[in-house]
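Engineer: Each step along the sequence shown adds one to the number in our numbering, with nothing skipped, and position 466 is 467.
Could you have a look at this structure, given as structure tokens, before my questions?
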Amino acid sequence: MAYYRAPLDDMTFLIDELLDAGSRLGNLPAYAELGVGPELTTALLDEAAKLAGDVISPLRRVGDEHPATCADGVVSISPGYAEALQQLGEGGWFGIAADPNYGGQGLPELYSTAAFEMWNSADMAFALQPMLSAGAALAIAEHGSDEQKQRWLPKMYSGEWSGTMNLTESGAGSDLGVMKARAVPEGEHYRIHGQKIFITWGDHEACENIVHLVLAKLPDAPEGSRGISLFIVPKYLVNEDGSLGERNDVYPVSVEHKLGIHGSPTCVMAFGDNDGAIGYLLGEENRGLACMFTMMNEARLKVGMQGLGMSVGAYQQAVEYARERVQAGVPIIQHPDVRRMLLTMNALNEAMRALVYTEALSMDLAHAGPEAERAGAQTRVDLMIPVIKGWLTEVGQELTSLGVQVHGGMGYVEETGAAQFLRDVRIAAIYEGTNGIQAADLVGRKLGRDGGGAMLDVLDQVADTVSALNASGDAQLAGIGAALAGAAADLRGTTEQIVASLKADAEVALGGSFDYMMQAGYVLGGWHLARAALLCHERIAAGETREFYPRKIATAAFYTEVILPRSAGHSGALRGAGGQLKAFPENWF
Ligand SMILES: Cc1cc2nc3c(=O)[nH]c(=O)nc-3n(C[C@H](O)[C@H](O)[C@H](O)COP(=O)(O)OP(=O)(O)OC[C@H]3O[C@@H](n4cnc5c(N)ncnc54)[C@H](O)[C@@H]3O)c2cc1C
């Protein structure tokens with residue numbers, strides 16, 4: 002089993018050619034001095050690829066076979082993880098897209114997204130540590146006072162301190178409004194009491210300190226989600242001069258035994274079992290969930306990246322195996338059904354990557370773009386995030402399962418490492434808002450708030466791509482255009498239907514929401530591959546001879562011929578959502 006090698010060709014093609022980050026972002030004041038463009042892309046991605054391939058990827062099986070453990074209130078992590086985290090910190094990767102005023106590098110989210118794809122492909126359990134740290138730091142960056150930012154962020158961006166997100170309790174998962182954790186005011190801080198479960202990288206000794214972000218309720222807080230506040234609760238208190246002080250009253254109780262991501266310590270955390278854990282309010286009282294929402298887009302995009310990252314790892318291993326394994330006298334890569342599996346994996350990986358990088362760029366435009374474009378970019382991001390989180394993590398399960406299938410019986414045997422991709426990726430459809438919640442968010446909130454306007458705007462852009470494909474004079478591109486036009490028209494129809502049923506009977510709309518999310522993913526993934534094919538066609542016409550370009554067009558053609566038709570299946574399913582799904586009596590289950 003070879004270690005992961007980052008698909009740098011495809012990544013740089015997207016960033017520098019299709020998205021043209023240099024022109025779109027390079028001149029914006031926030032990035033003007035950073036030299037955003039092909040040279041920087043290559044330098045950064047090469048460095049990240051070395052870390053991912055040579056340092057992190059060799060740990061994937063180690064973490065799986067030597068899971069994190071908890072004994073006497075101390076969590077021990079898998080061998081090699083602490084050293085690799087240190088290397089990530091030394092390379093400045095924890096603060097890659099963070100504010101330079103607090104020690105970040107200030108680079109676009111687009112680069113951070115590419116790096117996270119690599120960390121995930123290399124070892125998703127490991128990658129959760131920088132991911133959760135980035136989420137916690139972002140919440141502080143967005144809602145902290147300047148004093149709080151000075152105190153917590155530089156050490157988080159250097160990787161010396163890590164971060165966690167503490168939302169879930171045994172009775173409060175998708176519905177956080179019923180949580181029980183309490184916060185009692187005491188002078189300038191609060192005392193936090195309560196138990197949180199499933200806390201990713203909740204405790205470990207790899208960093209000097211851990212900055213827990215904790216949701217809890219103040220005395221007399223309003224009922225439900227409007228009564229939740231957000232607190233910074235460090236593992237070790239921090240003195241005025243920045244040195245570490247006493248241990249705070251927060252301890253890991255246990256580490257879960259899980260299907261996958263064994264290297265990631267998923268902890269039950271006890272806050273305040275003794276005197277009460279000292280916590281500092283972040284943002285305003287009772288606005289904790291709203292604070293969380295501002296960093297949720299980034300977090301959900303990164304979870305979507307887990308679906309992609311794992312699928313890329315699974316694909317690389319499956320191709321390698323299919324070239325070596327001989328059956329019926331030939332390497333199995335020559336059998337049509339194996340080619341179907343490998344091409345499906347590759348085409349969907351490229352579609353997912355194109356979708357997620359495109360929206361990472363939208364995030365950068367929403368934060369730092371020209372003033373007049375920011376609101377539009379944010380609307381686009383808000384619409385796309387549930388599609389990215391939901392579609393990528395659903396597809397991730399299918400592709401990692403195909404990776405097992407390509408290996409035959411050896412895929413089911415742990416020693417090949419193929420099954421680990423499947424086990425690891427399974428959680429991504431569950432946490433950070435289950436995919437059912439993503440679908441409800443897409444339909445209920447995102448379509449509901451503007452009558453589907455943002456989606457219809459995107460579909461207008463798809464229509465522009467179709468026109469360009471037709472005008473190319475190339476039969477293969479015209480074929481891609483025809484298929485895309487049909488699928489986009491269908492998505493327009495289901496968008497209008499869902500918006501109508503939201504008004505008439507929300508239950509029917511929500512019953513069809515998952516299929517709508519999947520339909521949108523397949524159509525928009527196909528759109529981005531079609532855009533890529535157009536650009537590759539232009540490059541070839543201009544005399545480019547790299548095999549990369551015709552390969553990309555062929556991948557887009559396969560996608561439209563074999564994958565895109567799935568969108569019609571989802572459309573049909575959601576159109577039927579008002580039938581038995583609604584009528585079937587509960588006691589018949
Ligand atoms: C390995 C792991 C790591 C995790 N890391 C963290 C972490 O770091 N921090 C943290 O706070 N939490 C974490 N979680 C918790 C995770 O976010 C929750 O498990 C998740 O939000 C789902 O909540 P639940 O488990 O209570 O499921 P439930 O909310 O009970 O959901 C059960 C099922 O019901 C469906 N459902 C529930 N409500 C609705 C609804 N309104 N509409 C439609 N369907 C609905 C769900 O989609 C799901 O299929 C982690 C969990 C795991 C397993």
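Cβ atoms here follow ideal geometry from the backbone N, Cα and C, with glycine treated the same way.
Nothing here was measured: the structure is a model prediction, and the numbers come from that model.
For the alpha helix (DSSP H) holding I389, just list the boundary residues, first then last.
Structural biologist: 372–407
Engineer: Between the alpha carbons of R446 and G377, how many angstroms are there, rounded?
Structural biologist: 16 Å
Engineer: According to the neighbour-count rule (16 or more other Cβ atoms, all chains shown, within 10 Å of its Cβ), is D516 buried or exposed?
Structural biologist: buried
Engineer: Provide the residue span of the beta strand (DSSP E) that contains V179, from first to last.
Structural biologist: For V179, no beta strand (DSSP E) encloses it, and the DSSP letter there is neither H nor E.
Engineer: Is the distance from the Cβ of D17 to the Cβ of L60 below 8 Å?
Structural biologist: no
Engineer: Just how far apart, CA to CA, sit E562 and L15?
Structural biologist: 22 Å
Engineer: Apart from the five residues just before and just after V256, which ones in its own chain have a Cβ nearer than 7 Å to its Cβ?
Structural biologist: A69, T70, C71, V76, P266, T267, C268
Engineer: When you compare each of L356, L26, A184 to L282 by their alpha carbons, which one comes out closest?
Structural biologist: A184
Engineer: Please classify K181: is it buried, with 16 or more other beta-carbons within 10 angstroms of its beta-carbon, or exposed?
Structural biologist: exposed
Engineer: Please say whether V382 and N298 have beta carbons closer to each other than 8 Å?
Structural biologist: yes
Engineer: Do S175 and ligand 1 come close, with the Cβ less than 7 Å from some heavy atom?
Structural biologist: Within 7 Å of the C-beta of S175 there is at least one heavy atom belonging to ligand 1.
Engineer: Can you list the beta strand (DSSP E) stretches of 3 or more residues lying completely in the segment 194–233, in chain order?
Structural biologist: 210–217
Engineer: Is A126 helix, strand or coil when you go by DSSP?
Structural biologist: helix
Engineer: Going straight from the alpha carbon of I57 to that of K51, what length do you get?
Structural biologist: 9 Å
Engineer: Quick one: residues in its chain with C-beta nearer than 8 Å to the C-beta of G273, no 5 flanking neighbours on either side, listed in chain order?
Structural biologist: R192, I193, H194, G195, D250, V251
Engineer: Is any non-hydrogen atom of ligand 1 found closer than 7 Å to the C-beta of G264, if you look at the structure I gave you?
Structural biologist: no
Engineer: Which of the three DSSP states is assigned to E247 in this structure?
Structural biologist: strand
Engineer: Should M180 be counted as a contact of ligand 1 given a C-beta to heavy atom distance under 7 Å?
Structural biologist: Distance from the C-beta of M180 to the nearest heavy atom of ligand 1 is not below 7 Å.
Engineer: Do the CB positions of F127 and G264 come within less than 8 Å of each other?
Structural biologist: yes
Engineer: At a cut-off of 7 Å, is E299 close to ligand 1 when judged by its beta-carbon and the heavy atoms of the ligand?
Structural biologist: Not under cutoff, so the answer is no.
Engineer: Ligand 1 heavy atoms versus the CB of K259: any closer than 7 Å?
Structural biologist: A distance criterion of 7 Å places the beta-carbon of K259 in contact range of ligand 1, judged by its closest non-hydrogen atom.
Engineer: Considering only their Cβ atoms, is the gap separating E286 from S226 smaller than 8 Å?
Structural biologist: no
Engineer: Should N121 be listed as close to ligand 1, given that the test is whether its C-beta is under 7 Å from any heavy atom?
Structural biologist: no
Engineer: Quick one, are the C-beta atoms of L214 and A137 less than 8 Å apart?
Structural biologist: Annotated as proximal: L214 and A137, with beta-carbon spacing under 8 Å.
Engineer: For Q307 versus V426, is the C-beta distance shorter than 8 Å?
Structural biologist: Taking the C-beta atoms as reference points, V426 is found nearer than 8 Å to Q307.
Engineer: Any Cβ of chain C within less than 8 Å of the Cβ of R540?
Structural biologist: Any reference to chain C falls outside this structure, which holds one protein chain only.
Engineer: Determine the closest residue to S591 out of N102, E40, R6, M12, with distance taken between C-alpha atoms.
Structural biologist: It is not possible to answer for residue 591, since the shown part of the chain is limited to 2 through 590.
Engineer: Hey, could you find the ends of the alpha helix (DSSP H) I279 is sitting in?
Structural biologist: Looking at the DSSP string, I279 is not in any alpha helix (DSSP H); the run it does join, the beta strand (DSSP E), is 278–283.
Engineer: Rounded to whole angstroms, what is the Cα-Cα separation between L108 and V524?
Structural biologist: Straight-line spacing of the CA atoms in L108 and V524 works out to 30 Å.
Engineer: Could you tell me whether any non-hydrogen atom of ligand 1 is closer than 7 Å to the CB of E433?
Structural biologist: Yes, ligand 1 has a heavy atom inside 7 Å of this Cβ.
Engineer: At what residues does the beta strand (DSSP E) containing G577 begin and finish?
Structural biologist: Run containing G577: none; DSSP gives neither H nor E here.
Engineer: So, do the segment 324–338 and the segment 491–511 have three or more beta carbon pairs nearer to each other than 8 Å?
Structural biologist: no
Engineer: In terms of residues, what are the limits of the alpha helix (DSSP H) holding A31?
Structural biologist: Element bounds for A31: n/a, residue is neither H nor E.
Engineer: Of the choices A44, E48, L133, S175, whose alpha-carbon is the least far from that of I431?
Structural biologist: Among A44, E48, L133, S175, the Cα nearest to that of I431 belongs to S175.
Engineer: Could you check whether the segment 73–92 touches the segment 139–157, counting it as contact only if at least three pairs of C-beta atoms, one from each stretch, sit closer than 8 Å?
Structural biologist: With the cut-off at 8 Å, the segment 73–92 and the segment 139–157 do not touch.
Engineer: Would you be able to state if there are at least three C-beta pairs under 8 Å between the segment 385–405 and the segment 304–321?
Structural biologist: yes
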